[in-house]
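Worksheet: one structure, shown below.
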Amino acid sequence: MTTSMPQIKFSRRKLMRLAMSAVALPTLPRMACAESYPARPVRIMLGFPPGTTPDVTARLIGPPLSERLGQQFIVENRTGAGGNIATEFVVKAEPDGYTLLLVTLANAVNATLYGSLNFNFLSDIAPVASIMRTPLVMEVNPAVPARSVAEFIAYAKGNPGKINMASGGPGTPQHLAGELFMMMTGTEMVHVPNQAGNAMTDVIGGQVQVIFNPISTSLPFIRQGKLRALAVTSASRVRTLPDIPTVAEFVPGYEASGWYGIGAPRKTPAEIVEKLNSDIGTALSEAATMARFADLDAETVQMSPAGFGKFLSEETQKWGKVVKAANIKID
-5 MTTSMPQIKF SRRKLMRLAM SAVALPTLPR MACAESYPAR PVRIMLGFPP GTTPDVTARL
55 IGPPLSERLG QQFIVENRTG AGGNIATEFV VKAEPDGYTL LLVTLANAVN ATLYGSLNFN
115 FLSDIAPVAS IMRTPLVMEV NPAVPARSVA EFIAYAKGNP GKINMASGGP GTPQHLAGEL
175 FMMMTGTEMV HVPNQAGNAM TDVIGGQVQV IFNPISTSLP FIRQGKLRAL AVTSASRVRT
235 LPDIPTVAEF VPGYEASGWY GIGAPRKTPA EIVEKLNSDI GTALSEAATM ARFADLDAET
295 VQMSPAGFGK FLSEETQKWG KVVKAANIKI D
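Numbering-wise, the working numbering puts 186 at position 192 of the sequence shown, and it's gapless, one number per residue.
Structural data, given as structure tokens:
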């Protein structure tokens, strides 16, 4: 004698509800993860010393995130190798949103500048959010007989290899901005790196004639007449030097800005990335945060994770070409 299993009948509506519930189940842990994040303090790693612009940037964005998310965002400085030590630390960290990286222009440059790295910046760091960008100012010693970019180009072409250009070291934003200028204008200058931090002193003293330097550290010397500002390197003029033109007004297409954002280890859950992006965007929209960045002559910039990723790829390609054309290498 055989016994048949009882037949269970479901209505079409009930079947649809069961199917939809089954599909939603895998997303529940991820949603819960994002909703509970952060449950402990979050570290923002950066590869530069305290008091530098990257350090100040991280410490400006940390407090509003702490206020919004209820956990401390702690800045940790892991200096060395042009930011590569901090980047590698984050690459190897757990992809849980609790170890973040302050991404800078150096990351885009280092991808080509260094002969061998233990990571691939574009594939191993997930883009989270952009924070801000800040231009440099092209400035000369007052003894240089040029009061505009056009006059400087003419002077440089008439004296090839006789103009010294200062920087904080090979591959720094100062150096690359100058190399890009030479590439686009057909001029030839001698790069004089000063890794001891005295590049500005050399220009003021006249040992070096020109430098592309952050506005925040240049402004006092410009106002005192110790340096002459020829142009800013951003795409548009800046608030603190409204009468100073852009380099692009003389050299179409020229743009060289420092920029900062947040990255995370590859495979960080998309829900956490989106949450951080949203909260960083909200923090950047607050008047107090915008005012603090304005004091650095910086412009806050908001991008989606995908938009920031596209930007990082474009910057890596752009500066990679400059590094290769100028044959800049650091082993």
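We put the beta carbon where it would ideally sit given N, CA and C, even for glycine.
**Asked** Would N321 be called buried (16 or more neighbouring beta carbons within 10 Å of its own) or exposed?
**Response** exposed
Note to self: Cutting at 6 Å between CB atoms, please list the residues of its own chain near Y92, excluding the five before and the five after it.
What the structure shows: V36
For this session: Kindly identify the DSSP beta-bridge partner or partners of F206.
Result: M132
- Please state if the CB of G41 and the CB of G77 are separated by a distance shorter than 9 Å. yes
Fill in: Nearest-angstrom Cα separation, counted from L95 out to T81
7 Å
Just to confirm my understanding: we take P164, look at its own chain, exclude 5 residues before and 5 after, and list those with CB closer than 7 Å. What are they?
Taken in chain order, the residues that qualify are P187, I322 and I324.
**Report entry** Per DSSP, the bridge partner or partners of E70
**Finding:** M39
Coil, strand or helix - G257 by DSSP: strand
- [ ] Identify which residue in A258, V317, G275 and T106 has its Cα closest to the Cα of M176.
- [x] V317
- Query: Between which two residues does the beta strand (DSSP E) containing A223 stretch?
  - Reply: R222 to V226
**Message:** Give me, in chain order, the residues of the same chain whose beta-carbon lies closer than 7 Å to that of L63; leave out the 5 immediate sequence neighbours on both sides.
**Reply:** P32 and D273
* Asked: Under the three-state reduction of DSSP, which class applies to G252: helix, strand or coil?
  -> strand
task = Drop a sphere of 10 angstroms on the beta-carbon of I68, count the other beta-carbons inside from all chains shown, and report buried for 16 or more, exposed for fewer.
result = Counting Cβ neighbours within 10 Å, I68 comes out exposed, since fewer than 16 surround it.
Residues bridged to I55 [DSSP beta-bridge criterion]
Answer by DSSP bridge pairing: none, since I55 is not bridged.
Below 9 Å between beta carbons: does that hold for S124 and Q311? no
- prompt: Quick one, which of D49, L224 and I256 has its alpha-carbon nearest A242's?
  reply: The candidate whose alpha carbon is nearest that of A242 is L224.
**OP:** Taking 8 Å as the threshold, find out whether the segment 84 to 91 comes into contact with the segment 50 to 61 through three or more Cβ pairs.
**Re:** Too few Cβ pairs lie closer than 8 Å, so no.
*Leaving aside the five residues before and after I79 along the sequence, list all residues of the same chain whose C-beta is less than 8 Å from its C-beta, in chain order.*
G41, R72 and T73
| Are the segment 227 to 235 and the segment 142 to 152 in contact at 8 Å, needing three or more beta carbon pairs? | no
T195 to E88, Cα distance in whole Å?
43 Å
Q) Can you list, in chain order, the stretches of the alpha helix (DSSP H) that have 4 or more residues and sit fully within the segment 143 to 193? A) 143 to 152 and 167 to 179
Q) Thinking C-alpha only, which one of G162, Q168 and P214 is nearest Q189? A) G162
_Can you tell me whether S298 is helix, strand or coil according to DSSP?_
coil
TODO: Please name the residue, chosen from P44, I256 and S210, that lies closest to D291 on a Cα-to-Cα basis.
DONE: S210
Measuring CA to CA, which of A102, A300 and I147 is closest to W313?
-> Here the closest residue by C-alpha is A102.
Exercise. Would you say the segment 134 to 151 touches the segment 302 to 309, given that touching needs at least three Cβ pairs under 8 Å?
Worked result: no
(request) Might you give, ordered along the chain, the residues of its own chain that have their beta carbon closer than 6 Å to the beta carbon of L249, omitting 5 neighbours on each side? (result) Checking the sequence, you will find Glu at residue 249 rather than Leu. Excluding sequence neighbours, E249 sits near A229.
Helix, strand or coil at L111 according to DSSP, with G and I counted as helix:
coil
Roughly how many angstroms lie between the CA atoms of V134 and A285, to the nearest whole one? So the alpha carbons of these two residues sit roughly 29 Å apart.
Note down, in chain order, each residue of its chain lying with its Cβ closer than 8 Å to the Cβ of V204, except the 5 sequence neighbours on either side.
-> M132, E133, V134, N135, V138, F146, I157, N158, M159, A160, G172, M183 and V197
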